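S.K.: Following this message is one structure expressed as structure tokens.
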Amino acid sequence: MKRISTLCSCSAYASAFIQSTNSFSLRTLTSHQMFYFKSSMKPLFPSSKTQQSFLRTVQSEPKIQVATLQKNTERENPLLHSDFFGVKSLVTIEDLYKARVHFGHTKGCRNELMKPYLFGCRLGTDIFDLDVTLQHLHRALNFLAHMAFRKAIILFIMKSHQHGHAVEKLAQECGEFAHTRAWGHGTFTNNKINPRELKGGIKLPDLCVFLSLQDTVQDRHLAIDECAKVGIATIGICDSNVNPSIITYPVPANDDSLQSIELFCSLFKKAVLLGKEKRLDIENSSQSVKTADSTE
Amino acid sequence: MSTVGIRLHRSGSIYSRIRDLLKTDVIERDNRPLWYDVYEAFPPIREPVYVPDMKLDEFGLSIAKDDVRPILYEEDWVRATYSLHYSKVSHNNLKDVTSMFIDKKYPCVCSTLKFVEQYQEFKNKDSSKEEIFAKTLDYFGKIDLQK
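In order, the protein sequence lines correspond to chains A and B. Everything in the first sequence is counted per the numbering used here, starting at 25 for the first residue and increasing by one. Everything in the second sequence is counted per the numbering used here, starting at 285 for the first residue and increasing by one.
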């Protein structure tokens with residue numbers, strides 16, 4: 025715990041959050057003891073096949089019942105909802121265009137794997153297809169909001185002198201962690217103690233958000249491989265000169281200009297806060313239900 | 285997260301590795317990572333399997349074919365001719381891509397933009413592009429475009 029607090033610039037909220045959950049396993053609490061499943065003995069999240077068969081049986085029943093059933097499932101399980109947090113309304117293509125997200129690098133330093141995300145090449149400068157970018161961005165934001173909803177520990181990573189402070193500020197404002205300095209080799213992988221047991225070892229983050237995949241001008245960030253080795257999901261903004269293959273939710277976009285980084289910072293902050301708000305709402309409503317039951 | 289399982293990030297994706305461990309009961313269902321359910325519900329467009337960078341040739345140069353389409357416009361001829369021969373701004377300005385993608389709402393002193401807009405207004409099927417170019421030059425002869 026000491027190590028993560030020195031390693032990441034954590035806010036008061038985040039440190040308090042970790043201390044409070046230190047006594048028992050955080051992982052089991054967050055993902056599997058979601059309170060709305062406590063009372064019932066159903067499987068937590070039914071697999072896709074059971075979902076489909078369930079929906080089929082619903083469709084054969086009368087219309088009124090279908091509506092009520094669908095409402096109930098939406099309230100119970102946010103994973104069945106296509107856009108539970110309303111993330112898709114946060115950003116439009118015009119916002120992306122005005123923030124200069126479409127500019128890539130010059131074609132000389134293009135990575136082959138970024139070709140499918142490109143719209144074309146204008147006078148030697150690669151231009152991203154913003155339709156594709158928006159699709160990827162929506163998925164990434166949705167994933168981020170869901171993880172925040174499940175009380176995941178989120179780590180924002182960017183090695184940049186120019187934008188480092190903005191990223192740290194973003195992490196502080198949404199109560200998460202940031203790492204914007206030089207990356208120590210083996211920070212995630214050299215764990216002698218099993219992180220699950222939480223006996224003085226570091227608790228690894230559940231999600232890493234890369235605002236740039238570059239470490240220095242030439243090299244890619246060391247944390248990308250370490251995340252993949254340890255099994256941490258990643259969201260990454262990939263410029264046209266990086267290898268995006270290993271990133272779980274890549275967002276092809278410009279990661280160099282001030283405007284685009286500001287836009288992404290604000291979007292990530294909004295998504296995390298939306299997830300946390302939903303969690304608070306549901307917890308409060310369940311508490312009120314419990315108190316009402318006890319008074320009866 | 286994983287004291288069990290393979291740590292080679294080049295084999296499969298993080299999802300496939302965890303899925304197989306779950307299938308063989310190496311990891312218990314309760315100990316699966318937090319992102320696992322969200323990933324299954326909202327999978328990414330492409331599975332994050334490692335693909336190495338393309339190898340370079342003996343001189344350290346890329347051997348990839350440049351098959352990304354160039355973005356060109358009809359009015360590029362007007363823009364280029366005006367900028368080369370008539371614009372008071374230096375020719376390096378041609379390399380400045382931002383001036384070509386500039387938003388009309390923002391105030392700018394880009395004379396080429398004004399010239400091209402006027403050219404589009406004069407455009408018709410009968411006359412050739414050189415004639416319309418000359419006509420636009422005459423139109424702007426009285427006005428100082430650089431302001």
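From the three backbone atoms N, C-alpha and C, an ideal C-beta is built for every residue, glycine too. Nothing here was measured: the structure is a model prediction, and the numbers come from that model.
If we define contact as Cβ-Cβ less than 8 Å, is B:F399 a contact residue for chain A?
M.R.: Position 115 of the second sequence, counted from the first residue, corresponds to residue 399 of chain B. Closer than 8 Å: no.
S.K.: List the endpoints of the continuous alpha helix (DSSP H) containing B:Y366.
M.R.: Taking the second sequence and counting its residues from 1, the one referred to as residue 366 of chain B is at position 82. Element bounds for B:Y366: 360 to 369.
S.K.: Output the boundary residues of the alpha helix (DSSP H) element that contains A:G299.
M.R.: Taking the first sequence and counting its residues from 1, the one referred to as residue 299 of chain A is at position 275. 282 to 319 is the span of the alpha helix (DSSP H), which, as asked, contains A:G299.
S.K.: Residues of chain A with CB under 8 Å from B:H293, in chain order?
M.R.: On the second sequence, residue 293 of chain B is found 9 positions in, with the first residue counted as 1. What B:H293 touches in chain A: D249, A252, K253, I270.
S.K.: Helix, strand or coil for B:Q402, going by three-state DSSP, please let me know.
M.R.: In the second sequence, counting from the first residue as 1, residue 402 of chain B sits at position 118. Looking at B:Q402 - three-state DSSP - the assignment turns out to be helix.
S.K.: Determine the direct distance from the alpha carbon of B:F417 to that of A:M182, and round the result to whole angstroms.
M.R.: For the purposes of this step, residue 182 of chain A is taken as residue 158 along the first sequence, with counting starting at 1. For the purposes of this step, residue 417 of chain B is taken as residue 133 along the second sequence, with counting starting at 1. Cα to Cα, the separation comes out at about 49 Å.
S.K.: By the DSSP assignment, the beta strand (DSSP E) with A:R146 in it spans what residues?
M.R.: In the first sequence, counting from the first residue as 1, residue 146 of chain A sits at position 122. Here the beta strand (DSSP E) through A:R146 covers 142 to 146.
S.K.: Can you find a C-beta in chain B that's less than 8 Å from the C-beta of A:A257?
M.R.: Within the first sequence, residue 257 of chain A is the residue found at index 233, counting from 1. Interface residue, yes.
S.K.: I need the boundaries of the alpha helix (DSSP H) containing A:V156, first residue and last residue.
M.R.: The count along the first sequence starts at 1 and reaches residue 156 of chain A at position 132. Start and end: 154 to 173.
S.K.: Considering only the alpha carbon of each residue, which of A:S284, A:Q311, A:S264 lies closest to A:H129?
M.R.: Residue 129 of chain A sits at position 105 when you count from the first residue of the first sequence. Nearest C-alpha to A:H129: A:S264.
S.K.: A:I259 and A:T272: beta carbons closer than 8 Å?
M.R.: Here residue 259 of chain A refers to the residue found at position 235 when the first sequence is read from its first residue. Here residue 272 of chain A refers to the residue found at position 248 when the first sequence is read from its first residue. Contact flag set, yes.
S.K.: Per DSSP, A:D150 is paired with what?
M.R.: Within the first sequence, the letter at position 126 stands for residue 150 of chain A. A:D150 is bridged to A:C145.
S.K.: Anything in the region 405 to 421 of chain B with a Cβ closer than 9 Å to a Cβ of chain A? List those residues in chain order, please.
M.R.: Cβ contacts with chain A come from no residue of the region 405 to 421 of chain B.
S.K.: Are the C-beta of B:W319 and some C-beta of chain A separated by less than 8 Å?
M.R.: For this step, residue 319 of chain B is matched to residue 35 along the second sequence. Yes, because at least one Cβ of chain A sits closer than 8 Å to the Cβ of B:W319.
S.K.: B:M338 to B:S346, Cα distance in whole Å?
M.R.: What you label residue 338 of chain B is simply residue 54 of the second sequence in a count that begins at 1. What you label residue 346 of chain B is simply residue 62 of the second sequence in a count that begins at 1. In a straight line, the C-alpha of B:M338 is about 8 Å away from that of B:S346.
S.K.: Taking only beta-carbon positions, decide if A:D243 is within less than 8 Å of chain B.
M.R.: Here residue 243 of chain A corresponds to residue number 219 of the first sequence, with the count starting at 1. Answer no: the Cβ-Cβ gap between A:D243 and chain B never drops below 8 Å.
S.K.: Using 8 Å as the threshold, is the region 169 to 189 of chain A in touch with the region 306 to 317 of chain B, meaning 3 or more CB pairs across them?
M.R.: Touching, no, given that fewer than three Cβ pairs across the two stretches are closer than 8 Å.
S.K.: Relative to the C-alpha of A:L154, which candidate in A:V275, A:S312, A:I256 has its C-alpha closest?
M.R.: Start at 1 with the first residue of the first sequence, and residue 154 of chain A comes out as number 130. That would be A:V275, whose Cα lies nearest to the Cα of A:L154.
S.K.: Would you mind stating whether A:F173 and A:A195 have Cβ atoms separated by less than 8 Å?
M.R.: To locate residue 173 of chain A, count along the first sequence from 1; it is residue 149. To locate residue 195 of chain A, count along the first sequence from 1; it is residue 171. Taking 8 Å as the Cβ cut-off, A:F173 and A:A195 do not qualify as a contacting pair.
S.K.: Using Cβ-Cβ distances below 7 Å, what residues of the region 298 to 315 of chain A are close to chain B?
M.R.: Listed by position, the residues of the region 298 to 315 of chain A near chain B (Cβ gap below 7 Å) amount to none.
S.K.: What residues are listed by DSSP as bridge partners for B:S346?
M.R.: Here residue 346 of chain B corresponds to residue number 62 of the second sequence, with the count starting at 1. Its beta-bridge partners are B:L340.
S.K.: Measuring straight from C-alpha to C-alpha, what distance separates B:L292 and A:K253?
M.R.: The residue labelled residue 292 of chain B in the question sits at position 8 within the second sequence. The residue labelled residue 253 of chain A in the question sits at position 229 within the first sequence. In a straight line, the C-alpha of B:L292 is about 6 Å away from that of A:K253.
S.K.: Closest to A:Q242 by C-alpha separation, out of A:H189, A:A123, A:N135, would be which residue?
M.R.: Residue numbering aside, residue 242 of chain A sits at position 218 when the first sequence is read from its first letter. Selected option, being the one with the closest Cα: A:N135.
S.K.: Measure the alpha-carbon distance for A:F152 versus B:R330 and round it to whole angstroms.
M.R.: Mapped onto the first sequence, residue 152 of chain A falls at position 128. Mapped onto the second sequence, residue 330 of chain B falls at position 46. So the alpha carbons of these two residues sit roughly 18 Å apart.
S.K.: Check for me: the alpha helix (DSSP H) holding A:G208 runs from which residue to which?
M.R.: Indexing the first sequence from 1 puts residue 208 of chain A at position 184. Careful: A:G208 lies outside any alpha helix (DSSP H) and carries neither H nor E.
S.K.: Would a check of beta-carbon distances place B:D337 closer than 8 Å to chain A?
M.R.: The residue you call residue 337 of chain B lines up with position 53 of the second sequence. Judged by the 8 Å Cβ criterion, B:D337 is in contact with chain A.
S.K.: If you run the structure through DSSP and keep just helix, strand and coil, what is A:T116?
M.R.: Residue numbering aside, residue 116 of chain A sits at position 92 when the first sequence is read from its first letter. Residue state, collapsed to three classes: coil.
S.K.: Starting from A:T130, follow its DSSP beta bridges and name the residues at the other end.
M.R.: Along the first sequence, one-based indexing puts residue 130 of chain A at 106. Note: A:T130 sits in a beta bridge opposite A:T149.
S.K.: Classify A:Q186 as buried or exposed, calling it buried when 16 or more other Cβ atoms lie within 10 Å of its own Cβ.
M.R.: For this step, residue 186 of chain A is matched to residue 162 along the first sequence. Exposed, because fewer than 16 other Cβ atoms sit within 10 Å of the Cβ of A:Q186.
S.K.: Are A:V115 and A:N278 close, meaning C-beta to C-beta below 8 Å?
M.R.: Locating residue 115 of chain A in the first sequence gives position 91, where the first residue counts as 1. Locating residue 278 of chain A in the first sequence gives position 254, where the first residue counts as 1. No, the Cβ-Cβ distance between A:V115 and A:N278 is not below 8 Å.
S.K.: Determine the direct distance from the alpha carbon of A:A247 to that of A:D230, and round the result to whole angstroms.
M.R.: Your numbering for residue 230 of chain A matches position 206 in the first sequence. Your numbering for residue 247 of chain A matches position 223 in the first sequence. Straight-line Cα distance between these residues: approximately 13 Å.
S.K.: Hey, A:V191 and A:C251 are a contact pair by Cβ (cut 8 Å); roughly how many whole angstroms apart?
M.R.: As a working mapping, residue 191 of chain A is identified with position 167 in the first sequence. As a working mapping, residue 251 of chain A is identified with position 227 in the first sequence. Incorrect: roughly 17 Å between the Cβ atoms, too far for contact.
S.K.: Taking all protein chains shown into account, decide if A:L304 is buried (16 or more other Cβ within 10 angstroms of its Cβ) or exposed.
M.R.: Against the first sequence, residue 304 of chain A aligns to sequence position 280. Looking at its Cβ environment, which holds fewer than 16 other Cβ atoms inside 10 Å, A:L304 is exposed.
S.K.: Can you check whether the C-beta of A:D317 is within less than 8 Å of a C-beta belonging to chain B?
M.R.: For this step, residue 317 of chain A is matched to residue 293 along the first sequence. It does not: the Cβ of A:D317 has no partner Cβ on chain B nearer than 8 Å.
S.K.: Assign A:L231 to one of three DSSP states: helix, strand, or coil.
M.R.: Along the first sequence, one-based indexing puts residue 231 of chain A at 207. Strand.
S.K.: Among A:T213, A:A257, A:N308, A:S284, which one has its Cα closest to the Cα of A:F127?
M.R.: One-based indexing of the first sequence puts residue 127 of chain A at position 103. When only C-alpha atoms are compared, the closest one is A:S284.
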